[in-house]
Amino acid sequence: MNRKKLFIPGPTHVLDETLQAMAQYPMGHRSQAYKDLHLKVVSGIQKVLFTEQTILLSTSSATGLMEATVRNLVHKRAANFTCGAFSERWAEITALCGFQQDTFSVEWGQANKPGEVREALESGRYDVVTIVHNETSTGVTNPMAEIAGVVKEFPEVLLCVDSVSGMAGLPFYFDEWGVDVVFASVQKAWALPPGFSVMAISDKALARADQTPTAQKGFYFDLSRMARSGAKGQTPITPSIPHLFGLESQLERMASETMEARFQRHRDMAKRTRAWGSGRFGLFAEEGYASDTVTCFSNPNETDLSRMIQLADGEGFIVSGGYGNLKGRTFRIGHMGEHTLDGLEELLSVLDGILAEMEGADLK
Ligand SMILES: *Cc1c(COP(=O)(O)O)cnc(C)c1O
Numbered sequence: 167m168n169r170k171k172l173f174i175p176g177p178t179h180v181l182d183e184t185l186q187a188m189a190q191y192p193m194g195h196r197s198q199a200y201k202d203l204h205l206k207v208v209s210g211i212q213k214v215l216f217t218e219q220t221i222l223l224s225t226s227s228a229t230g231l232m233e234a235t236v237r238n239l240v241h242k243r244a245a246n247f248t249c250g251a252f253s254e255r256w257a258e259i260t261a262l263c264g265f266q267q268d269t270f271s272v273e274w275g276q277a278n279k280p281g282e283v284r285e286a287l288e289s290g291r292y293d294v295v296t297i298v299h300n301e302t303s304t305g306v307t308n309p310m311a312e313i314a315g316v317v318k319e320f321p322e323v324l325l326c327v328d329s330v331s332g333m334a335g336l337p338f339y340f341d342e343w344g345v346d347v348v349f350a351s352v353q354k355a356w357a358l359p360p361g362f363s364v365m366a367i368s369d370k371a372l373a374r375a376d377q378t379p380t381a382q383k384g385f386y387f388d389l390s391r392m393a394r395s396g397a398k399g400q401t402p403i404t405p406s407i408p409h410l411f412g413l414e415s416q417l418e419r420m421a422s423e424t425m426e427a428r429f430q431r432h433r434d435m436a437k438r439t440r441a442w443g444s445g446r447f448g449l450f451a452e453e454g455y456a457s458d459t460v461t462c463f464s465n466p467n468e469t470d471l472s473r474m475i476q477l478a479d480g481e482g483f484i485v486s487g488g489y490g491n492l493k494g495r496t497f498r499i500g501h502m503g504e505h506t507l508d509g510l511e512e513l514l515s516v517l518d519g520i521l522a523e524m525e526g527a528d529l530k
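Counting in this note's numbering, the sequence shown runs from 167 upward without gaps.
What follows is the structure, encoded as C-alpha cells:
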C-alpha cells in the first residue's frame, strides 16, 4: 500500500504490528476475557505514569475528557492556564459548560510558570487548575514538576493536566508530582489510531467527583461511574475493544523498550530536529521549554512553507503547518510514538532536498 508517513503531531505513525493486534474478533464486554484485558491494560498504564492511582479508559477523544474533568471537579471556580490553542480550548470548554473561571494566559511560544500559578491560587478563589503539559500548537513543554509543587501548597485545589501529546513520550510522574488528573488520547505518543483516551485520577479527585451533583456530571462522562465500573474491570458503556487490544500490544512494546529508553529516544529525536532547523528556521518555543515530542519552527527567512509541506507530501512525508493563528508563520514536525532517529533522518534529508530545490528555483 502506498502510505504517507505521518510526521505530524497526531495522528502519528502506527506500526502494522499494532494494526494487526487491533484487528481481532470482538468479545463480550461483560465477559471474563474482557475483564482480564481491561485490568491488564490498566496495570500497564499505571507503569507508564508511575502511579498506583485509578486509571479510567474512555471511548472518546481527549477533548471529551477535558470536558469531563471540569464537569466532575469544579465546585467553586477554575483557573485555566493557557499558552496555546489546546489549553485555550480547555478554558473555552470550562466557560461553555457554564462554570466560573478565569483564564491566565501567556503569549504563544511561552511556558506557564510556577510563580504565576502561585499568584493566582493565593487569591483563594479556585478549586481546580487546568493546564497543558505539552502544548502541541506551539511546541512548548510546561514545567510540570515545579507547577505541581506549587499546586500542592493549596490542598483544596485539584491539578488537572492535559498530556495528550506528552504521555508515553515525556516523563510523567503522577504520584511523585501529586497530580490529580492527567489524560491523553491514544493517537499521539501512544501511536494508536484515533478514537480512544486514557486518564489517571487521584483518590482526592474521585472523592470530589463523588460529591458532584449528577445533573452537573451527566452520564457518559461521570468519572465516579467510570471508576466504579473500572474497579470491576469494565466500562459503563460498550468500549472500543480494538483499542484495548492495541493498548495491550503497545504496553508490551513499551515494557520491552523500557520507559527510560523511550523518553531518551524522544529527547534524541527532538535534539536532532532542533539542530537540523537551526540557522534556517527559528525555534518558536521559549528557550529551555522546547518540547521533546513536537518541534514548532518559526520562519524568519520567509520560506514558502506551504510549498515545502506540499512537496514533502509528494515524497510521502506529512509534516504540519502552523496551528490556528500560526498558519503560514510556523511549521511543526511531530517526532513521537514509533518514530526513530533513523526514520527522522530520512525525513530531514527529504526536507533538505526540497529546500535546496526551492532555493535553486528562487535564484533562477
Ligand atoms: C491533540 C490534542 C488535543 C485534542 O485531542 P483529541 O483527541 O483531538 O480530542 C488536546 N490537547 C492537546 C495538547 C493535543 O495535542
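All residues carry an ideal CB built from backbone N, CA and C; glycine is no exception. As the structure is a computational prediction, the values presented were derived from the model and not from experiment.
* **Spatial distance of valine 294 from threonine 459 (CA atoms)** => The residue labelled residue 294 in the question sits at position 128 within the sequence shown. The residue labelled residue 459 in the question sits at position 293 within the sequence shown. Taking the straight line from one Cα to the other gives about 27 Å.
* **Spatially closest choice to valine 352 from Pro337, Ser329, Ala371, by CA coordinates** => The residue labelled residue 352 in the question sits at position 186 within the sequence shown. Closest option to valine 352, Cα to Cα, is Ser329.
* Report, in whole angstroms, the separation of the C-beta atoms of valine 180 and leucine 410, which I expect to be a contact under 8 Å. => Within the sequence shown, the letter at position 14 stands for residue 180. Within the sequence shown, the letter at position 244 stands for residue 410. No, valine 180 and leucine 410 are not in contact; Cβ-Cβ is about 16 Å, not under 8 Å.
* Looking at phenylalanine 252 and valine 298, is the spacing between their C-beta atoms short of 8 Å? -> Stepping through the sequence shown from its first residue, residue 298 is reached at position 132. Stepping through the sequence shown from its first residue, residue 252 is reached at position 86. At a Cβ-Cβ threshold of 8 Å, valine 298 and phenylalanine 252 count as neighbours.
* aspartate 341 versus Ala357, Ile367, Pro360, Ser363, residue with shortest Cα-Cα distance -> As a position in the sequence shown, residue 341 is number 175, starting the count at 1. Taking each of Ala357, Ile367, Pro360, Ser363 in turn and checking the Cα distance to aspartate 341, the smallest one comes out for Ile367.
* **Residues bridged to asparagine 308 [DSSP beta-bridge criterion]** => Counted from its first residue, the sequence shown places residue 308 at position 142. Asparagine 308 pairs with nothing; no bridge assigned.
* Asked: Within this structure, are the beta carbons of alanine 261 and glycine 503 separated by less than 8 Å?
  -> Position 95 of the sequence shown, counted from the start, is the residue given in the question as residue 261. Position 337 of the sequence shown, counted from the start, is the residue given in the question as residue 503. Judged by their CB atoms, alanine 261 and glycine 503 are not nearer to each other than the 8 Å cut-off.
* Secondary structure at glutamate 301, three-state DSSP: helix, strand or coil? -> Stepping through the sequence shown from its first residue, residue 301 is reached at position 135. Note: glutamate 301 maps to strand in three-state DSSP.
* Using a threshold of 8 Å, state whether the C-beta atoms of leucine 471 and phenylalanine 450 are closer than that. => Counting from one through the sequence shown, the residue named residue 471 turns up at place 305. Counting from one through the sequence shown, the residue named residue 450 turns up at place 284. Against a cut-off of 8 Å, the Cβ pair of phenylalanine 450 and leucine 471 comes out as no contact.
* Excluding five sequence neighbours on each side, which residues of the same chain lie with their C-beta closer than 6 Å to the C-beta of tryptophan 343? -> Indexing the sequence shown from 1 puts residue 343 at position 177. Leaving aside the five residues that flank tryptophan 343 on each side, the residues in its chain whose CB is nearer than 6 Å to its CB run, in chain order, Ala311, Ala314.
* Asked: If we count Cβ pairs, one from each stretch, closer than 8 Å, do we get three or more for the segment 371 to 384 versus the segment 195 to 212?
  -> The answer is no - the segment 195 to 212 does not touch the segment 371 to 384, with fewer than three Cβ pairs under 8 Å.
* To do: Select from Val348, Thr404, Ala393, Leu413 the residue whose C-alpha is nearest the C-alpha of leucine 358.
  => Counting from 1 along the sequence shown, the entry for residue 358 is found at position 192. The option with the nearest alpha carbon to leucine 358 is Leu413.
* **Heavy atom of ligand 1 within 7 Å of alanine 187 beta-carbon** => As a first step, residue 187 must be located in the sequence shown, where it is residue number 21. For alanine 187, the distance from the CB to the nearest heavy atom of ligand 1 is not below 7 Å.
* Does the separation of the CB atoms of phenylalanine 270 and alanine 286 fall below 8 Å? -> Position 104 of the sequence shown holds residue 270. Position 120 of the sequence shown holds residue 286. In this structure, alanine 286 lies closer than 8 Å to phenylalanine 270 by Cβ.
* Could you check which residue in Lys493, Pro408, Gly448, Arg428 has the C-alpha nearest to that of alanine 189? => In the sequence shown, the residue the question calls residue 189 occupies position 23. From the listed residues Lys493, Pro408, Gly448, Arg428, the smallest Cα separation to alanine 189 is found for Pro408.
* Please classify aspartate 346: is it buried, with 16 or more other beta-carbons within 10 angstroms of its beta-carbon, or exposed? => Residue 346 sits at position 180 when you count from the first residue of the sequence shown. That one is buried.
* Asked: From phenylalanine 385 to arginine 391, what does the alpha carbon distance come to, in whole angstroms?
  -> For the purposes of this step, residue 385 is taken as residue 219 along the sequence shown, with counting starting at 1. For the purposes of this step, residue 391 is taken as residue 225 along the sequence shown, with counting starting at 1. The alpha-carbon of phenylalanine 385 is positioned some 8 Å away from that of arginine 391.
* To do: Could you work out which residue in Ala456, Trp442, Arg255, Phe447 is closest to glutamate 511 when comparing CA atoms only?
  => Here the question's residue 511 lines up with position 345 in the sequence shown. Of the listed residues, the one whose Cα sits closest to glutamate 511 is Trp442.
* Whole angstroms is fine: what's the gap from proline 337's alpha carbon to proline 309's? => One-based indexing of the sequence shown puts residue 337 at position 171. One-based indexing of the sequence shown puts residue 309 at position 143. Roughly 11 Å between the two C-alpha positions.
* Quick one: what's got a C-beta closer than 7 Å to glutamine 382's C-beta in the same chain, skipping five residues either side? -> Translated into positions along the sequence shown, residue 382 becomes position 216. If we look at glutamine 382 and ignore the five residues flanking it on each side, its Cβ neighbours are Arg237.
* List the residues that DSSP assigns as beta-bridge partners of isoleucine 171. => Here residue 171 refers to the residue found at position 5 of the sequence shown. What sits at residue 171 in the sequence shown is lysine, not isoleucine. Looking at the DSSP assignment, lysine 171 forms a beta bridge with Phe483.
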